[in-house]
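For the protein sequence lines, the chains are D and S, in the order given.
No gaps in the numbering here: position 86 of the first sequence is 86 in UniProt numbering, and each next residue is one more.
No gaps in the numbering here: position 171 of the second sequence is 171 in UniProt numbering, and each next residue is one more.
Beta carbons are placed, not taken as given, at the ideal position from N, Cα and C, and that holds for glycine.
For reference, the structure is listed below as C-alpha cells.
There are 2 protein chains.
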Amino acid sequence: MTMKVYLAGPEVFLSNAKEVLAHKSELARAAGFTPLAPGDLEIPRTDSKYERGIAISAIDEQLMLASDLIIANLTPFRGISADVGTSFELGFMCALGRQVYGYTNVAASYLERTSRDYYKGMINSDASGKLTGSDGLSIEDFDMADNLMLEGGIISRGGVFVRKAVPDGRVLTDLAGFKECLILAAEKYLR
Amino acid sequence: MTMKVYLAGPEVFLSNAKEVLAHKSELARAAGFTPLAPGDLEIPRTDSKYERGIAISAIDEQLMLASDLIIANLTPFRGISADVGTSFELGFMCALGRQVYGYTNVAASYLERTSRDYYKGMINSDASGKLTGSDGLSIEDFDMADNLMLEGGIISRGGVFVRKAVPDGRVLTDLAGFKECLILAAEKYLR
Chain D
1 MTMKVYLAGP EVFLSNAKEV LAHKSELARA AGFTPLAPGD LEIPRTDSKY ERGIAISAID
61 EQLMLASDLI IANLTPFRGI SADVGTSFEL GFMCALGRQV YGYTNVAASY LERTSRDYYK
121 GMINSDASGK LTGSDGLSIE DFDMADNLML EGGIISRGGV FVRKAVPDGR VLTDLAGFKE
181 CLILAAEKYL R
Chain S
1 MTMKVYLAGP EVFLSNAKEV LAHKSELARA AGFTPLAPGD LEIPRTDSKY ERGIAISAID
61 EQLMLASDLI IANLTPFRGI SADVGTSFEL GFMCALGRQV YGYTNVAASY LERTSRDYYK
121 GMINSDASGK LTGSDGLSIE DFDMADNLML EGGIISRGGV FVRKAVPDGR VLTDLAGFKE
181 CLILAAEKYL R
C-alpha cells in the first residue's frame, strides 16, 4: 500500500516545468511515496481556451481526490503571497481531511514582506498595536508565513509548514523545503 | 429550512470590516439566506499571536463546515490575484461539494492584468503562441479572471463567477457583483 502525494506549486509556470516536476516526482518516489502532479494526465481536446482551463482544473481536482497527501509550495508567486491556485488546492485537500504539508522558500513573515515589499515601509500602528498599510488595510500580524488560513489549515491537521530562506535566484526552484516535507511526512506515515 | 452562505473575501482587512460584513450579511438575509461570516464567532483567548491565528483559522473552517454555499470575493488583493485566504476557502468549499459562487470587481482577465500591471507590458509570445513574462514564467491564457483552479472549481459545480468593473475607488468595497451572486444563487436554490 503506497501513499500518494500531490505535488502542488507554481513550478507549473516555470519554463522547465516538466523537468522540475519530474525531479520532484523522483524525490517523492525516493522517499517512498507515489507522486501525482499537474500534467500527469492528458488534457482532453477542447474547443476554446476557456474550456481547456476548465478541463485542466478538473484533472487537477481528480489527481487531488486520488492523493493521500499534499505538499504545497507556498513560496510567494508574482507578489507577496502564495500562488492562488496552490492555495485553492491546499484548502481542497484540507477539506478532504487529507494530510497537508507546505513549504516556502522565503523566510520572512507575511507581515515583514507586506511591510517591506508591498508598502515600502509605509505602515502605521494604532494605540492597540494594530497595523495598517498606507491604504488603510489592516495587515495580518500572527508570526505566520502568509494568510492564516494556509498555516492554520496545515498546523491544525498535524502537518508542517517549512519556512526557510534559499540562495538568491533559487526562490522558485529550490527544493530543500520540499525535501524536508518529504522526510517529515515519510517519518510520520511510512514507517 | 434556510440555506447558510459563507461570506468569504478580503473585506476582513478593511478598516470598517465589521460594517461591511454587517451590510453583506443584511443583503444575504434580504435574499433569503442565513449569512455566516468571519468574525461571527468569538475568538478564544490565546497565549501568542501565532495561536490566535490558528484559532481564527479553526473558527473560519467551522463556519464553512456549517455553510451550504460560499460567495467568494475574488477581487485582486495586494497584487494581481485574489486573496490567498479566500482562495483557500473556495477550494475548501469545492472539496466539500458545497455550492460555490465568486465575483471580482476587476473586469480585466488574468492575462491582461498580469501583462499590464505585473510585467508592465514586457511579455513574450513564442511560435506556438505561448506567453511568458520577462522573467521567463509562463502566463495563463484561458480567458479567465484568475488562476484556472478558482474559475474551474466554480464553473464545474454549476456556480457562477461574476466579473465586472466598478467605479474607481470602490474595487474592494463595491457589492454589485456580490448582489448578483445572491440573486443567481437565490433563483437556483430558494424558489
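Contact belief for residue i with residue j at Cβ below 8 Å, rounded distance in angstroms
i, j, result
"D/T75", "D/A82", "7 Å"
"D/G153", "D/V100", "6 Å"
"D/R45", "D/C94", "Wrong, their Cβ atoms sit about 33 Å apart, outside the cutoff."
"S/L190", "S/M64", "20 Å between Cβ atoms; not a contact."
"D/I71", "D/V5", "6 Å"
"S/N147", "D/V162", "Actually they are not in contact, since the Cβ atoms of S/N147 and D/V162 sit about 23 Å apart, beyond 8 Å."
"D/L90", "D/L150", "6 Å"
"D/S87", "S/S87", "4 Å"
"residue 196 of chain D", "D/A186", "With chain D running from 1 to 191 in the structure shown, residue 196 of chain D is simply not present."
Nearest neighbour of residue i, chosen from the options [CA to CA]
i, options, result
"S/G133", "S/I155, S/Y110, S/M144", "S/Y110"
"S/F142", "D/E51, D/D146, D/S15", "D/E51"
"D/V169", "D/E19, D/A31, D/N105, D/G53", "It is worth fixing the name first, because residue 169 of chain D is Gly in this sequence and not Val. Ranking the options by Cα distance to D/G169, first place goes to D/N105."
"D/E42", "D/T34, D/A55, D/A31", "D/A55"
"S/F178", "S/V20, S/N124, S/G129", "S/V20"
"D/M125", "S/A28, S/S15, S/L182", "A small fix is needed here, since residue 125 of chain D is Ser in this sequence, not Met. For the residues S/A28, S/S15, S/L182, the minimum Cα distance to D/S125 belongs to S/S15."
"S/E11", "S/L175, S/L184, S/A186, S/M3", "S/L175"
"D/N139", "S/F92, S/R78, S/G159", "The residue asked about is misnamed: residue 139 of chain D is Ile in this sequence, not Asn. Nearest C-alpha to D/I139: S/R78."
"D/A145", "D/I123, D/I59, D/G102, D/K18", "D/G102"
"S/F92", "S/I80, S/A8, S/A28, S/L184", "S/A8"
"D/A17", "S/L150, S/G136, S/I155", "S/G136"
"D/K24", "D/L182, D/Y118, D/K188", "D/L182"
"residue 203 of chain S", "S/G32, S/N73, S/D68", "The shown model of chain S, from 1 to 191, leaves out residue 203 of chain S, and the question about it has no answer."
"S/K188", "S/P38, S/S48, S/K49, S/F33", "S/F33"
"S/I155", "S/G97, S/D68, S/D47", "S/G97"
"S/G39", "S/M122, S/Q62, S/G129, S/V166", "S/Q62"
"S/E180", "S/Y118, S/L27, S/R116", "S/L27"
"S/K49", "D/R113, D/K130, D/Y118", "D/K130"
"D/A165", "D/A127, D/S128, D/L69, D/R113", "D/R113"
"S/V171", "S/L69, S/R29, S/A107, S/G159", "S/A107"
"S/I80", "S/S115, S/D68, S/D47, S/L69", "S/S115"
"D/V160", "D/S128, D/L69, D/K120, D/Y119", "D/L69"
Partner residues on chain S for residue i, Cβ-Cβ distance less than 8 Å
i, result
"D/E89", "G91, M149"
"D/T132", "S15"
"D/V162", "In chain order: nothing, as chain S lies at least about 16 Å away."
Where residue i falls: helix, strand or coil (DSSP)
i, result
"S/G133", "strand"
"S/S115", "helix"
"D/P10", "helix"
"residue 197 of chain S", "Absent from the structure is residue 197 of chain S, since the part of chain S shown begins at 1 and ends at 191."
"S/S128", "coil"
"D/S57", "helix"
"S/D161", "Sequence check: residue 161 of chain S is Phe here, not Asp. In the structure shown, S/F161 sits in a strand (DSSP, three-state: E or B)."
"D/I139", "coil"
"D/M122", "coil"
"D/G102", "strand"
"D/L69", "strand"
"D/M144", "coil"
"S/M93", "helix"
"D/L64", "The sequence given here has Met at residue 64 of chain D, not Leu. In the structure shown, D/M64 sits in a helix (DSSP, three-state: H, G or I)."
"D/M3", "strand"
Amino acids of chain S, ordered along the chain, whose beta-carbon sits closer than 7 Å to that of residue i
i, result
"D/F13", "L137, S138"
"D/I54", "G152, I155, S156"
Within chain D, the residues that residue i reaches when beta carbons sit closer than 9 Å
i, result
"S/Y189", "Near S/Y189 there are no residues of chain D at all, since even the closest Cβ is about 20 Å away, more than 9 Å."
"residue 214 of chain S", "The shown model of chain S, from 1 to 191, leaves out residue 214 of chain S, and the question about it has no answer."
Closer than 8 Å at the beta carbon, the chain D residues around residue i
i, result
"S/A66", "The premise fails here: S/A66 is roughly 13 Å from chain D at the closest Cβ pair, so nothing lies under 8 Å."
Closer than 7 Å at the beta carbon, the chain D residues around residue i
i, result
"S/L96", "A95"
"S/R45", "Those within 7 Å of S/R45 in chain D number zero; the least Cβ separation is about 15 Å."
"S/D60", "M149"
"S/V84", "S81, A82, V84, S87, D146, N147, L150"
"S/S57", "L148, M149, G152, G153, S156"
Beta-carbon neighbours of residue i, restricted to chain S and to distances below 9 Å
i, result
"D/Y118", "R78, G79"
At which residue ranges does the stretch 13 to 49 of chain S contain complete beta strand (DSSP E) runs of 3 or more residues, listed in the order of the chain? 34 to 36
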